[in-house]
């Protein structure tokens, strides 16, 4: 609903607000009522903005709070909006952590890189372990990346070093990389086409 105030100010409010304040055309409002209406209108706008963002893609609570603040919300408004969306189930850090782990695990990233991503997105550490348990075993993930990269070839020593460096950048540690690389370099594990 739109409420027009004298002087041309326009406030967006819900029907519930209209009924709660008993608003009618031509009604005289006290300054305190106008201030309260402005606050209610601002809260409505923040909730609408938050809902629009949350419906476009998944966000962590921290990411959504930051996004709302960049769009003009105060700390209190952003926190209240994110709490409201969390109560509704539109923002769920646990589900978001699981989605991140599935995505990065499927694309051949190791636990170190996935942890870095979870931290960057502001997901609470208490939610990490359960989500990280869904990662495929590092040996499988490394072999999958190598098969994709090598496309049926056996790597030489120089290419093997480059591949090992790439795997480390993807979040795998040398103790995980070495045994798999040795199998590929020795030709024991022939890459699939």
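In our numbering, the protein residues as written are 2 to 194. Where a beta carbon is used, it is the ideal one built from N, C-alpha and C, also for glycine. All figures in this text were calculated on a predicted structure; none of them were measured in a lab.
Residue interval of the beta strand (DSSP E) (run including residue i)
i          : result
residue 4  : 3-5
residue 58 : Per DSSP, residue 58 belongs to no beta strand (DSSP E) and is neither H nor E.
Start-to-end residues for the alpha helix (DSSP H) that takes in residue i
i           : result
residue 128 : From DSSP, residue 128 is part of no alpha helix (DSSP H); its letter is neither H nor E.
residue 12  : Not the alpha helix (DSSP H): residue 12 falls in the beta strand (DSSP E), residues 11-13.
residue 29  : That residue, residue 29, is in no alpha helix (DSSP H); it is neither H nor E in DSSP.
residue 157 : Per DSSP, residue 157 belongs to no alpha helix (DSSP H) and is neither H nor E.
residue 180 : 175-186
residue 115 : 112-121
residue 16  : 16-22
residue 65  : 62-71
residue 95  : 94-107
residue 82  : 76-89
Spatial distance of residue i from residue j (CA atoms)
i           : j           : result
residue 114 : residue 20  : 52 Å
residue 111 : residue 134 : 12 Å
residue 105 : residue 73  : 32 Å
residue 173 : residue 94  : 25 Å
residue 167 : residue 17  : 57 Å
residue 89  : residue 128 : 19 Å
residue 46  : residue 10  : 15 Å
residue 66  : residue 75  : 10 Å
residue 63  : residue 41  : 24 Å
residue 140 : residue 188 : 16 Å
residue 8   : residue 22  : 20 Å
residue 55  : residue 36  : 28 Å
residue 160 : residue 154 : 11 Å
residue 58  : residue 91  : 10 Å
residue 192 : residue 181 : Its pLDDT being 47, under 50, residue 192 is placed unreliably by the model, and nothing is read from it.
residue 81  : residue 43  : 12 Å
residue 130 : residue 107 : 17 Å
residue 102 : residue 14  : 40 Å
residue 125 : residue 169 : 25 Å
residue 25  : residue 77  : 31 Å
8 Å contact criterion, which residue i and residue j should meet: CB distance rounded
i           : j           : result
residue 48  : residue 12  : Incorrect: roughly 14 Å between the Cβ atoms, too far for contact.
residue 177 : residue 143 : 6 Å
residue 123 : residue 61  : 5 Å
residue 156 : residue 186 : 6 Å
Status (buried if at least 16 other CB within 10 Å, exposed otherwise) for residue i
i           : result
residue 194 : With a pLDDT of 43 at residue 194, under the threshold of 50, the predicted position of this residue should be treated as unreliable, though the coordinate-derived value follows. Residue 194 should be labelled exposed.
residue 267 : Any property of residue 267 remains undetermined from this structure, which presents the chain solely from 2 to 194.
residue 33  : exposed
residue 119 : buried
residue 69  : buried
residue 83  : buried
residue 98  : buried
residue 171 : buried
residue 86  : buried
Min CB distance residue i to chain B below 8 Å
i          : result
residue 91 : This model lacks chain B altogether, as it is built from one protein chain only.
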